[in-house]
Each structure stands twice: as C-alpha cells, then as structure tokens.
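Residue numbers (the numbering used here): 1002 to 1425.
Here is the structure we will look at, set down as structure tokens.
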Ligand SMILES: *Cc1c(COP(=O)(O)O)cnc(C)c1O
C-alpha cells in the first residue's frame, strides 16, 4: 500500500467508528502543539473532561456547606461510594452488592487475603504466575511469612511455557492439579501486565475451586479493557485499580469484588467502622456487625475527593458499553498488529497472543537488536509525540485505548517506527 492508501484506510476506519465522539470527552496531551499519540492508558489513562467538574462539585460543597455536605443531596458524602456501585458492577459483570470502590489495589489485595488466604499446615500454598507484578508478589510473599509459612515452599509460581513468555491453559491446569491439595489460594491476573495475555478467568476459578482452593483475580490490566463476568466466574474475590484503563487519575481509589456467596459470612476480616452495617453505624456501638456484601470490607469513610473523577469516568463506560468498546478495541489492536506484520517485522516482534480472546488492547513488542536499539526507538517515538511505555530489557508496550485512541494514532505509531528504521 502507498502512504496515501494507508491514510485513506485509517481515516475510513475512524469515520466508521460509532464511538469516535468519545475522544472529545478527554483531554489529549500535546507535544509541540500537536496532539500526542498516547498509548499508555495501561499505565495512566487520560483525564475525562468531566473529572474536573466532579471534583469542583465536592470542593464547592466543602466551601459552602462544610460538614453539612455529608447529608445534602445531590451526591451527599455519607453515601458517596454508593454512586459508583452500579456502573462498577456493570463494568465487571457483578451484582451491585458484590463491588465496592475503596483504598488502593495493593491494600485491597491484602484485605482480601486476610479473609480468603487462611492457610493451614496441610494447605499453606498460594499459586501465582511467575513474573507477577512486583506488588502482588510482595503482598503474597509477605502474607505467607505473616502466617509463619515459607515462600520457598509455599509460593508456587507457574512458569511461561509459550514462545512469547505467555502461559498456556494446560500449564495452569497442570500446576493447579499438581499442587491442588496444598493450595489455599490461586491468585491470577485478568491480563498479564508484561505480555498483555488475557486469561479465561472462569476456567481458572473452576480449576482452583475444584481443588478446594480459594480463587482471587488481579484485574489491574483487565478492568475497563476486556469483558469480565466476575459473578459467573465464581471467583471468591477480585481487586483492580482505576488509574489505568479506568481513567480516574493518579493514585485513584481502587475497586474490589467479593462474591455473593460470602455476603453474609462471619469470615475473619480486618474491620473498620465503614464496613459496619450502615443502619447502626452511627449508634457508635463497640460491636462490629458487618454490612452484607463487598461494602462490609470497607474500613474508612469514603475518600470523596479521590472518588469524584471515577464518577466521570464510569459515566463514559456506561455511554459506550463494554461490548462496543471491546469491538473497537479489537479493531484498533488488530490494525496495529497487521501494520507490524506487513511492514515492521524486521524491527518488532509481537509477544502478545494473536487470538483476540487471549489479549486485551495492549501489544507487547520486542525490539530487534536488544536494549540499546529498543531504548533508541522508544526515545525516537517520544521525541515525535508517540508515547508507549518501556519494560526492561527490550520491550515497548503499546495500548490503543478504545475510548480515545484512533486508527490514525496507530498508523502514526507504525509510520514513526518505519521512519526510525530508515534513518538509522
Ligand atoms: C498497576 C498494578 C499494581 C499497582 O498497585 P497499586 O497498589 O495500585 O500501586 C499492582 N498489581 C498489578 C498487577 C498492576 O498492574
């Protein structure tokens, strides 16, 4: 294809995109007065234009009403966390009582392990993927030690068995079945952060539970990226953050799912007053009575300023709907993959699985020629306003986000890589 034909194709794909107007709902950062091609929604999603209004509403109420703001509609602070409950449930395929926005991801992971990692001498082990995100590994390892067990025996890591560093379902099944009787918990990612591989979560949960183990998911790279059906998956819990694909700002309040079957448990937990049943919370009694469902794991009163941008973001997900977003995402990422295959195979190797069901929007790209070449390409892209992110030693991650990226952005990436190759 000529340059002109490529342009025509990208523009036609964008013109036919039913979600194209959603890009206008975001602030797109500029590079020398030109909009960036921003592919780092897997790290920090862009700011929805509506976020500022949601924050200013809280600031305004604080300025004019102070403590009364807890009680005055709309969006009274007392029940502010409830405002995101239903859209969040839709996003992850759960019942509203199964989700809550609270804390941050790693904190929620610990709180969930307090309740769902209950090791015994016979069943002390946690199974995770090798190469898990460091925070998850630190959390899991410290929990194992906290209970007096030894990570050297009781932290089981499933090694990648596929060429790009991805993991087959057979390898997961083999590991779960081999260690089954010793497993207290299987903790699995929805989308692996380094390779971009997406997993069949229902199958992972089924395998774990068949062995009598609990099952939890880390959905940091999955929430807002792939279709999720958490309730139907049967998992015990899930945690995720809201600053990546959920576009709610740096350090945003995180999400947490607890399956309905645990709604009324007297399962051990670390408790705080906001997990106490709402009805009698302000009786200020000494006895903890958990509120049913995921909200029963809350500790503190909701961080209202930090929750505000999440409202603006979830509003956009509701407007788009996950099925339409996924369809656009498949188109964007498929287009990226086809441009690489057709003309950049000598520079970039795609590590992410080729099957759309086994990936989200991210492609992890190994740069030929090792670390120095990789860094040089990465820096060249950044100097041209094309932003991906870098993973040592030689991988660039590119994540076209269907809420705000375009096929023209993707073409610009491919063209800039070709330019770098040709001038080098
Ligand atoms: C982004 C990410 C984190 C970050 O944890 P925070 O507690 O939000 O800082 C943890 N785990 C995974 C898998 C991630 O992708």
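Heads up, the beta-carbon is just placed ideally off N, CA and C, and yes, glycines get one too.
Values in this document were obtained by computation on a predicted structure and should not be read as measured data.
Original post:
How would you call residue 1293, buried or exposed, if buried means at least 16 neighbouring beta carbons within 10 angstroms?
Top reply: It is exposed - the Cβ of residue 1293 has fewer than 16 other Cβ atoms within 10 Å.
**OP:** Provide the residue span of the alpha helix (DSSP H) that contains residue 1304, from first to last.
**Re:** Segment: none, residue 1304 is in no alpha helix (DSSP H) and carries neither H nor E.
Original post:
Three-state secondary structure (DSSP) at residue 1127?
Top reply: In the three-state DSSP reduction, residue 1127 falls in the strand class (E or B).
Subject >> Same chain only: Cβ atoms within 8 angstroms of residue 1392, ignoring 5 sequence neighbours per side >> reply: If you ignore the 5 residues before and after residue 1392, its C-beta comes within less than 8 angstroms of the C-beta of 1195, 1365, 1398, all in its own chain and listed in chain order.
Subject >> Euclidean distance between Cα positions of residue 1274 and residue 1157 >> reply: Taking C-alpha positions only, residue 1274 is separated from residue 1157 by approximately 35 angstroms.
**OP:** Taking only the alpha-carbon atoms, compute the straight-line gap between residue 1276 and residue 1068 and give it to the nearest angstrom.
**Re:** Between residue 1276 and residue 1068, the C-alpha separation is close to 21 angstroms.
Original post:
How long is the line joining the alpha carbons of residue 1261 and residue 1098, rounded to whole angstroms?
Top reply: In a straight line, the C-alpha of residue 1261 is about 7 angstroms away from that of residue 1098.
Subject >> Start-to-end residues for the alpha helix (DSSP H) that takes in residue 1385 >> reply: Where residue 1385 is concerned, there is no enclosing alpha helix (DSSP H), given that its DSSP letter is neither H nor E.
Original post:
Three or more beta-carbon pairs under 8 angstroms between the region 1150-1168 and the region 1083-1103, yes or no?
Top reply: Between the region 1150-1168 and the region 1083-1103 there are fewer than three C-beta pairs closer than 8 angstroms, too few to call the two in contact.
**OP:** Work out the CA separation of residue 1241 and residue 1123 for me, nearest whole Å.
**Re:** Cα-Cα distance, rounded: 30 angstroms.
**OP:** Please name the residue in 1394, 1174, 1078, 1019 whose C-alpha comes closest to that of residue 1461.
**Re:** Absent from the model: residue 1461. The displayed extent of the chain is 1002 to 1425, so no value can be given.
Original post:
Near residue 1359, which residues of its chain fall below 7 angstroms by C-beta distance, leaving aside the five closest residues on each side in sequence?
Top reply: Taken in chain order, the residues that qualify are 1198, 1199.
Subject >> 8 angstroms CB neighbourhood of residue 1496 in its chain, flanking five on each side removed >> reply: Past the edges of the chain, shown from 1002 to 1425, lies residue 1496, and the structure says nothing about it.
Subject >> Check whether residue 1247 and residue 1216 have beta carbons under 9 angstroms apart >> reply: Their beta carbons are not under 9 angstroms apart, which means residue 1247 does not touch residue 1216 by this criterion.
**OP:** Could you spell out where the beta strand (DSSP E) holding residue 1103 opens and where it closes?
**Re:** Secondary structure note for residue 1103: its beta strand (DSSP E) is the uninterrupted segment 1100-1103.
**OP:** Return the chain-ordered ranges of every alpha helix (DSSP H) run that is complete within the region 1023-1059 and spans a minimum of 4 residues.
**Re:** If we require 4 residues or more, the region 1023-1059 turns out to have no alpha helix (DSSP H) run fully inside it.
Original post:
So the beta strand (DSSP E) residue 1215 belongs to, where does it begin and stop?
Top reply: 1215-1219 is the extent of the beta strand (DSSP E) around residue 1215.
**OP:** Could you have a look at residue 1281 and say whether DSSP puts it in helix, strand or coil?
**Re:** Looking at residue 1281 - three-state DSSP - the assignment turns out to be helix.
**OP:** Taking only runs that begin and end inside the region 1192-1273, name each unbroken alpha helix (DSSP H) of 4 or more residues, in chain order.
**Re:** Correct list: 1202-1211, 1231-1234.
Original post:
Which residues mark the beginning and the end of the alpha helix (DSSP H) in which residue 1326 is found?
Top reply: Where residue 1326 is concerned, the enclosing alpha helix (DSSP H) stretches over 1323-1344.
Original post:
Taking DSSP as the reference, what is the three-state secondary structure of residue 1291?
Top reply: If DSSP states are grouped into helix, strand and coil, residue 1291 belongs with the strands.
Original post:
Should residue 1178 be labelled buried (16 or more other beta-carbon atoms within 10 Å of its own) or exposed?
Top reply: By the beta-carbon neighbour count (other beta carbons within 10 angstroms, threshold 16), residue 1178 is exposed.
Original post:
Does the count of Cβ pairs from the region 1278-1286 and the region 1209-1227 closer than 8 angstroms reach three?
Top reply: No: the two stretches stay apart, fewer than three of their Cβ pairs being nearer than 8 angstroms.
Subject >> Residue of 1232, 1214, 1306 minimising C-alpha distance to residue 1295 >> reply: Distances from the CA of residue 1295 to each of 1232, 1214, 1306 were compared; the closest alpha carbon is that of 1232.
Original post:
Would DSSP call residue 1315 helix, strand or coil?
Top reply: It is helical.
**OP:** Buried or exposed for residue 1031, please, with buried defined as at least 16 other CB atoms from any protein chain shown within 10 angstroms of its CB.
**Re:** Under this definition residue 1031 is an exposed residue.
Original post:
residue 1086: buried (16+ other C-beta within 10 angstroms of its C-beta) or exposed?
Top reply: Flag for residue 1086 reads buried.
Subject >> Buried versus exposed, by CB contacts within 10 Å (16 or more), residue 1026 >> reply: Buried is the call here.
Subject >> Residue span of the beta strand (DSSP E) that contains residue 1350, given as start and end >> reply: From DSSP, the beta strand (DSSP E) with residue 1350 extends over 1349-1351.
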